[in-house]
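Quick note: the sequence shown uses the working numbering, first residue 20, plus one each step. Think of the CB as a built atom: it goes at the ideal place given N, C-alpha and C, for glycine as much as any other residue. The structure appears right after this line, and notes come after that.
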Amino acid sequence: MSSEPTENTASGDEAIGFDDLTRDIAEVPAVEVITTVAVHLMSAAAVKCGLAEGGAADKDLDEARKLITALAGLVTAGAPEISNFHAAPLRDGLKSLQLAFREASTVPDAPGAGPGEKFTGPVYS
C-alpha cells in the first residue's frame, strides 16, 4: 500500500478549501443568511410538529417547541435588519407553525405561553 498522500488526505486549510469557503460566505448578504437559517428552522419545526410526509412518526413537540422559539427569536431580532419585505413571510410562517403546534398539542399552552410567544406575543387563529 502506498504511503503517498492523496487528495483526500490533504491536511489543514487545503483539505477543506478554507480560503474558498471564507470568500464564499463573505459574499453572501446578511439578509440571505438570516432568511436561509429561518427557512431551515421552519422546515425542521414543521417536521417535528408532524406536518411532513412522515407525519406522526416524526412528531416530537418538545423539539418543535425549541425550534419554534429559536425561530421566533431570530425573526423578531432580525426583522428590523432585513426589511418588512423579507420579514413578513417569515412572520407568517412562524405564526403558522405556532398555530400548528397549538393544534398538535393534547394540552394546549395558555395564550402567551406557547413556543416563541415570549417574543411574538400571544398567537390566536
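By how many angstroms is the C-alpha of residue j removed from the C-alpha of residue i?
i	j	result
P141	R121	11 Å
A71	V126	22 Å
L116	D43	32 Å
L86	M61	8 Å
A49	E82	27 Å
A64	D38	33 Å
Ignore the nearest five residues each way along the sequence and tell me which others in residue i's own chain have a CB closer than 8 Å to its CB.
i	result
G131	K137, G140 and P141
P24	Only weak support exists for where P24 lies, its pLDDT of 48 falling under 50; the value from the coordinates is given anyway. Nothing meets the Cβ criterion.
K78	K67, C68, G69 and A123
T95	F138 and T139
Spatial neighbours of residue i within its chain, please: C-beta separation below 7 Å, excluding the five flanking residues on both sides.
i	result
S144	L118
Evaluate residue i with the Cβ neighbour count: other Cβ atoms within 10 Å of its Cβ, from every protein chain shown; 16 or more gives buried, anything less gives exposed.
i	result
T55	exposed
A129	exposed
To which residues of the same chain is residue i closer than 6 Å at the C-beta, ignoring the five residues directly before and after it?
i	result
A75	G69
G92	F138
I101	V50 and I53
In terms of residues, what are the limits of the alpha helix (DSSP H) holding residue i?
i	result
G112	L80 to A123
V142	No alpha helix (DSSP H) contains V142, which DSSP labels as neither H nor E.
A63	A49 to K67
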